[in-house]
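Quick notes on the structure that follows.
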Amino acid sequence: MTLVAAHPAAEVQAATPEESTLRSSTAITRYIALGLLLAGTAVLYLWNLSVSGWANAFYSAAAQAGAENWTAMLFGSSDAGNAITVDKTPAALWITDLSVRLFGLSSWSILAPQALMGVGSVAMLYAAVRRAAGPSAALLAGTVLALTPVAALIFRFNNPDALLVLLLIVAAYCVQRGIEKDASRWWFAGAGVALGFGFLAKMLQAFLVLPGLAAAALVAGDRPLGRRVLDLAAAAITMVLSGGWYLALVELWPAASRPYIGGSQHDSIVELALGYNGLGRLTGEETGGLGNLNFDVGPGRLFGSQMGADIGWLLPAALICLVAGLYLSRRAARTDPTRAALILWGGWLLVTAVVFSFMNGIVHPYYTVALAPAIGAVIGIGTTALWRHRCDIRAATAMSGTMLVTAILAAVLLARNDDAFPWLRATVAVAGVGAAVLLLVIARLERPVARATAVLAVAACLAAPAAYSIA
């Protein structure tokens, strides 16, 4: 019998005025923190936005064409005369096309929607992590995403990755809601819709998160196994319908009355999806592509000169937090929401990182923005779990080691560009080492000193990526 069953009156006992005031004050503080996070993100992504000019002129021209001609908008044509499309499915263009139609052609009308998608991505990540690990973890996760340099780049640019990231986070949120107790099956359908439209934003890259989402649903879902499988089947059906309708439309449309499908060799959008923008990106055998010009295939790619400053800063910290979080939750119930979230976001992180590290086809550094939400979520959840167990020397050692590794990596990455921030490398190194030492003995510190140590550690971890994002 539970404690509540033994003491039924506990179910209806009213909170004292002092408790109600404290809860209200805490809730207000959390809302203020969230508001500051979103406002800060908006300022970071919108400030001086027009300095980017037309950003990616390839997509800006397509936005202009779509704003002038509905057929060009439907197919994602590069020109209003509908000669040829861009080399992607056009969901991201539909948003900028409508913005240009409403507000006229300008840098702001093209780029502001991307910035707003960035704010929306931070908000959705906060909502997802909060359900699994609480507001502190959610706030840290959102902050990490907002300050990741490649995120600050993409959410101020007009590549389709901005919409892709937002839709993938929405899909993850829907899966987290779907595996909760007594949740509606419609949450899985919602995840399928988000993934389907993610495919329409950037084709097969949207499906890199599928293993993590499916694993979380199968392992931690509240329903019996058979029902969980049916839920995933329903999500798969809605995903196929949400993305497949457009492929069918283009394939069945008379080729003579639509633009040529750019990036394909035989005027086929299915070929584009499966070839040039599909397996060709993995093998390097995409006809008409340039192949991998980075010559850095392997586990070090994400820390190399091409991608390290964009995404590498907190990647080791995320991996440590993932392992630590799973270890700390090893005895939790199968349906434990925190462990479910770690499986979901950890699967997203690992699969995407491995693919980006070893793909032999065309790969650009900005693709790594797809890692940023998972890095933020895993760090938020894992760090919060470690902090709750800080009196355990193993948790304290993990936090200290994470801080030390992050500080060393930041110093290495900053050393590649000493001219940009000559003072920052020494500052981060000293603060990081100091925080690592204090974290190792965190259980012996008074509460105010422990909290100050936590603030110092977070600041030391985020200082370098924040500097790159703001610069």
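Heads up: the sequence shown runs through residues 1 to 471, numbered per full-length UniProt numbering.
Where a beta carbon is used, it is the ideal one built from N, C-alpha and C, also for glycine.
Looking from the CA of residue 348, the closest CA among 318, 363, 193 belongs to 318.
In this structure the region 377–390 does not touch the region 235–255; the number of beta carbon pairs closer than 8 Å is below three. Take residue 72, set aside five residues on each side of it, and the residues of its chain with a beta-carbon closer than 6 Å to its own are 65, 66, 80, 82, in chain order. From the listed residues 182, 432, 56, the smallest Cα separation to residue 107 is found for 56. Note that the C-beta distance between residue 443 and residue 456 is not below 7 Å. Each of 29, 371, 464, 355 was checked against the Cα of residue 280, and the nearest Cα belongs to 355. In this structure, the alpha-carbon of residue 376 lies about 13 Å from that of residue 458. In the three-state DSSP reduction, residue 26 falls in the helix class (H, G or I). Runs of beta strand (DSSP E) with 3 or more residues, each lying fully within the region 307–381, are absent. By alpha-carbon distance to residue 232, the top candidate from 257, 199, 191 is 191.
For residue 425, the uninterrupted alpha helix (DSSP H) segment begins and ends at 424–440. About 22 Å separates the beta carbon of residue 196 from that of residue 262, a gap too long to meet the 8 Å contact definition.
With contacts defined as CB atoms closer than 7 Å, residue 63 and residue 110 qualify as a contacting pair. For residue 157, the closest of 401, 47, 464 by C-alpha to C-alpha distance is 47. Taking all protein chains in view, the Cβ of residue 173 is crowded by 16 or more other Cβ atoms within 10 Å, so the residue is classified as buried. Each of 189, 402, 310 was checked against the Cα of residue 467, and the nearest Cα belongs to 310.
Under the DSSP definition of a beta bridge, residue 85 partners with 77. Listed in chain order, the beta strand (DSSP E) runs fully inside the region 112–167 amount to none, counting runs of at least 3 residues. Straight across, the Cα-Cα distance linking residue 142 with residue 160 is about 21 Å.
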